[in-house]
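Asks: Residue numbers (our numbering): 4 to 69. The beta-carbon is built from N, C-alpha and C at its ideal position, and this holds for glycine as well.
(1) If we call anything under 8 Å between Cβ atoms a contact, is residue 61 one with residue 11?
(2) How many Å lie between residue 45 and residue 23 at the Cα?
(3) Which whole-angstrom value describes the C-beta separation of residue 39 and residue 7, a residue pair presumed to lie in contact below a C-beta threshold of 8 Å?
(4) Residue 21: which of 58, 30, 66 sits nearest, CA to CA?
(5) Going by Cα to Cα distance, which pick from 17, 37, 27, 15 is closest to residue 63?
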């Protein structure tokens, strides 16, 4: 029976939520083997002077342990 570990990551982007999610996935896959899936926990933005300056996506990453 496989054992799966779950960690939480924060992806950020100045472009969009979609890009922030892509950044989180790409970064996770660079350092974690066996990524099986992601669960988006929350999304939020940073606002400065009435404009969105950063998109943030908080995700849970599931991967199998060897």
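Replies: Walking through what the data contain:
(1) Against a cut-off of 8 Å, the Cβ pair of residue 11 and residue 61 comes out as a contact.
(2) 12 Å
(3) 7 Å
(4) 58
(5) 27
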